[in-house]
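Residue numbers (numbering that gives the first Met the number 0): 0 to 175.
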Amino acid sequence: MTSHFYEVALFGEFFLQDLKPILNRITLHSDSSQPFHSREFLFEPIDAQQQRDSGTEPILLRAKRELTDPKAPWELFSYLKPESVRVYPEATVRPWATCQVIGDALSFAAALGYVYVDPKTQQPIPAHADTLWEVEVKTTKPIKNDAETPISRAIEAILEIQLLMKGLLDLRRQDV
Numbered sequence: 000m001t002s003h004f005y006e007v008a009l010f011g012e013f014f015l016q017d018l019k020p021i022l023n024r025i026t027l028h029s030d031s032s033q034p035f036h037s038r039e040f041l042f043e044p045i046d047a048q049q050q051r052d053s054g055t056e057p058i059l060l061r062a063k064r065e066l067t068d069p070k071a072p073w074e075l076f077s078y079l080k081p082e083s084v085r086v087y088p089e090a091t092v093r094p095w096a097t098c099q100v101i102g103d104a105l106s107f108a109a110a111l112g113y114v115y116v117d118p119k120t121q122q123p124i125p126a127h128a129d130t131l132w133e134v135e136v137k138t139t140k141p142i143k144n145d146a147e148t149p150i151s152r153a154i155e156a157i158l159e160i161q162l163l164m165k166g167l168l169d170l171r172r173q174d175v
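Here is the structure:
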């Protein structure tokens, strides 16, 4: 066992018209709930097209913020390389690494060499109206794979959500 922290996740996609049935099913099986509204931006490296042309998929930087709290910090993260599917076939298990940014996280990401604007219009790139919504079901805090908090327990919890959503939302392992 290592001293690294991990996250466990499953991924899925759905169209906007499926949102209400998904929320209804979750509500039906929940003891309580609270509003959660976050915004996430995806940034590509400035040389992303060159990386793709050379056969390498660029590493995306993600910036996420909880919108219900005006003082909430931005969280910057990238998906790190997941553990082998042979070791964890049921769910994506990968090292946990985040950075909290107070202030203008979008400019900070740009200073790191990432862009979120269309180079022609200099405007943010909007999502298309028919774009699939992405959903992640993941651990809320880092897991240290030890006797008290084994990764297997987190995988079991994530798989319970997968079973709950079966037939409505296909949640699966994804090597991002």
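Beta carbons are placed, not taken as given, at the ideal position from N, Cα and C, and that holds for glycine.
Here the structure is a predicted model, which is why all the values come from computation and not from measurement.
Query, Result
"Three-state secondary structure (DSSP) of residue 158", "helix"
"Meets three-Cβ-pair contact criterion under 8 Å: the region 7-17 and the region 154-174", "yes"
"Nearest neighbour of residue 41, chosen from 64, 91 and 101 [CA to CA]", "64"
"Residue closest to residue 109, alpha-carbon to alpha-carbon, out of 160, 49, 62 and 5", "62"
"Residue 142 - DSSP class collapsed to helix/strand/coil", "strand"
"Simplified DSSP state of residue 67, which is helix, strand or coil", "coil"
"Residues that DSSP places opposite residue 148 in a beta bridge", "Answer by DSSP bridge pairing: none, since residue 148 is not bridged."
"6 Å CB neighbourhood of residue 23 in its chain, flanking five on each side removed", "none"
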